[in-house]
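Numbering of the sequence shown is given in this note's numbering, commencing with residue 3 and proceeding in unit increments. For every residue, glycine included, the Cβ atom is placed at its ideal position computed from N, Cα and C.
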Amino acid sequence: MSIDINNYRDLYNHHITRKVDSIIVKYNPQKSTYEYRPHSHKTGSNALNDLAELLIDNMIFYAFSETEVTDLHSRHQALDNLKTAAIYAFKTRIPKRNNPDTDGTPGEVLLDLLIQAYEPTSQKLIARAKYRQMGDNSEIKGYDAMYFTKSKNQILLWLGQVKTGQCKYCKTGIMSDLQEKYVDAYFENSVCYVSEKKEPNHPLTDILNGINGICFDSITNSWSPKKKRQKIFQFLKTNHIKIMIPCLLAYTAAIYSNEHTLKTGITECTQDIMNHFSRKKFDICREFDYEILFYVFPIENVQYLRKKISSYRRRG
């Protein structure tokens, strides 16, 4: 890890990770066809507000790269007031959403937090909020989360999806994303787009340059789309790269009246999601090694989170 990443991790742990255990409960994962990771916030009159405040505090870490965060703090003490930092993130980075009642920002920031807090070696593949969609000026529509973890023997690319709202919508939406966004052509286009957006001195520079080189060679040598994809998939295999697909379902559930109800409710919610997805087969490209993780996160009131976070969007 670089000095910036070590500094960033210290800042993130101080401002976010140390608060997480007092607000979020992490339960034992369940494994059947896929892995399921249940979470909840705590019970109590202020518990939902505490979760909202934590997501707002995480906004600056969600919207900017690790180097940008450390630079902002070094130059401007940006992390001294995380609420002001959230307003700055909304004003400069986070895309405008037309309908606050369907805004997925809370879920996207929550998945960012779950990965950064519970996967301590994770780093951003790119700062997603920094870029706009190919062909127009809207937000990138491919993957809702883009990170990596790196060990001596393997690189894990975390390319995730988030759905926030009612349970039925979350299940249907995640199902569609898994059917559409990990097929070979979509994945290839997304990886080529992301690799060209790498930050200076990125830890995966050699990998990203390799993908860029394949994209360039495909034009130089007039390769067919099929040959280009084959080259990219072979490159991933050669470099021991596995694709992690974290899918967050953050939905309203009436399970927070007391701790007993919460414990029972989490078990039932997790089983419901397992029953829904375990027998499903997805049209995911078979050319790369992958694993699907379902993050199950029932929330007392999703609309409350949206309104609370939207108040900071308006200030931006």
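- request: Would you tell me roughly how many angstroms separate the C-alpha atoms of A324 and N30, rounded to the nearest one?
  value: Any property of residue 324 remains undetermined from this structure, which presents the chain solely from 3 to 318.
message: Taking its Cβ as the centre, do 16 or more other Cβ atoms sit within 10 Å of E110, making it buried, or is it exposed?
response: Counting the other Cβ atoms within 10 Å of the Cβ of E110 gives 16 or more, which makes it buried.
message: Any contact between the stretch 74-87 and the stretch 293-307? By contact I mean 3 or more CB pairs, one from each, below 8 angstroms.
response: Cβ pair count under 8 angstroms is below three, so no.
message: Taking the straight line between their C-alpha atoms, what separation do you get for K200 and D208?
response: Computed Cα separation, rounded: 11 angstroms.
message: Taking the beta strand (DSSP E) that P248 belongs to, which residues open and close that run?
response: Element bounds for P248: 243-254.
- request: Output yes or no for whether 9 angstroms exceeds the beta carbon distance between A131 and P97.
  value: Contact: yes.
task: Please state whether DSSP places V319 in a helix, a strand or coil.
output: Here the chain has residues from 3 to 318 only, and residue 319 is not among them.
- request: On the DSSP bridge assignment, give the partners of G1 in chain order.
  value: This structure gives no information on residue 1, because the portion of the chain shown stretches from 3 to 318.
query: Thinking just about the alpha-carbon of each residue, which of S76, T72, P108, C271 is nearest to the one in G321?
result: As displayed, the chain neither begins before 3 nor continues past 318, which places residue 321 out of reach and without an answer.
task: Measure the C-alpha to C-alpha separation of E261 and S42 and round it to an integer number of angstroms.
output: Here the alpha carbons of S42 and E261 stand approximately 11 angstroms from one another.
- prompt: What are the start and end residues of the alpha helix (DSSP H) that includes T94?
  reply: Per DSSP, T94 belongs to the alpha helix (DSSP H) from 84-94.
task: Spatial neighbours of F44 within its chain, please: CB distance less than 7 angstroms, with the 5 preceding and 5 following residues excluded, ordered by chain position.
output: Before going on, a small fix: residue 44 reads as Lys here, not Phe. When the five nearest sequence neighbours on each side are left out, the beta carbons in the same chain lying within less than 7 angstroms of the beta carbon of K44 are those of I25, V27, in order along the chain.
- prompt: Taking just the CA atoms, how far does W160 sit from H242?
  reply: Going by the C-alpha atoms only, they are around 14 angstroms apart.
- request: Reducing DSSP to helix, strand and coil, say where N139 ends up.
  value: Annotation note: pLDDT 45 at N139 (below 50); position unreliable, coordinate value reported separately. Three-state DSSP puts N139 in coil, outside helix and strand.
- prompt: Under three-state DSSP, which class holds L161?
  reply: In the displayed model, L161 falls within a strand according to three-state DSSP.
Neighbourhood of N155 by C-beta, 8 angstroms cutoff - its chain only, sequence neighbours within 5 removed: Taking N155 as the centre and dropping the five residues before and after it, the same chain places the C-beta of H242 closer than 8 angstroms to its C-beta, in chain order.
query: Using DSSP with H/G/I as helix, E/B as strand and the rest coil, what is Q156?
result: Looking at Q156 - three-state DSSP - the assignment turns out to be coil, as it is neither helix nor strand.
query: What first and last residue would you give for the beta strand (DSSP E) that runs through P40?
result: Per DSSP, P40 belongs to the beta strand (DSSP E) from 37-43.
field: Continuous alpha helix (DSSP H) assignments of at least 4 residues falling wholly in the stretch 262-298
entry: The qualifying runs do not exist here; there are none.
query: At which residue ranges does the stretch 167-221 contain complete alpha helix (DSSP H) runs of 4 or more residues, listed in the order of the chain?
result: For the stretch 167-221, whole alpha helix (DSSP H) runs of length 4 or above, ordered along the chain, are 169-182, 186-197.
Which of helix, strand or coil DSSP assigns to A49: A49 falls in the helix class under three-state DSSP.
Span of the alpha helix (DSSP H), counted from its first residue to its last, around V104: The sequence given here has Thr at residue 104, not Val. From DSSP, T104 is part of no alpha helix (DSSP H); its letter is neither H nor E.
task: Can you tell me the Cβ-Cβ gap for I216 and I234, rounded? I've got them flagged as a contact below 8 angstroms.
output: Indeed they touch by this definition, with Cβ atoms about 6 angstroms apart.
message: Considering only their Cβ atoms, is the gap separating T72 from Y10 smaller than 9 angstroms?
response: Taking 9 angstroms as the Cβ cut-off, Y10 and T72 qualify as a contacting pair.
query: Roughly how many whole angstroms lie between the Cα atoms of L13 and Y149?
result: Going from the Cα of L13 to the Cα of Y149 covers about 18 angstroms.
- request: Find the nearest neighbour of L238 within the set F296, N211, S259, C249, judged by alpha-carbon distance.
  value: Distances from the CA of L238 to each of F296, N211, S259, C249 were compared; the closest alpha carbon is that of N211.
- prompt: So what does DSSP say about F150, is it helix, strand or coil?
  reply: In the three-state reduction of the DSSP assignment, F150 falls in the strand class.
- prompt: Alpha carbon to alpha carbon, what distance is there between C169 and Y36?
  reply: Each residue's Cα considered, the two are about 19 angstroms apart.
- prompt: Leaving out the 5 sequence neighbours to the left and right, which residues in its chain are closer than 6 angstroms to D291 when beta-carbon positions are compared?
  reply: Cβ neighbours of D291 beyond the five flanking positions: K244.
field: Delimiting residues of the alpha helix (DSSP H) encompassing T240
entry: Where T240 is concerned, the enclosing alpha helix (DSSP H) stretches over 227-240.
- prompt: Which residues share a DSSP beta bridge with P97?
  reply: For P97, which the question treats as bridged, DSSP gives no partner whatsoever.
- request: Could you tell me whether the stretch 177-195 touches the stretch 267-286, using the rule of 3 or more Cβ pairs below 8 angstroms?
  value: Yes, since at least three Cβ pairs between the stretch 177-195 and the stretch 267-286 fall closer than 8 angstroms, the two stretches touch.
query: How big is the Cα-Cα spacing for R316 and A54?
result: Taking the straight line from one Cα to the other gives about 16 angstroms.
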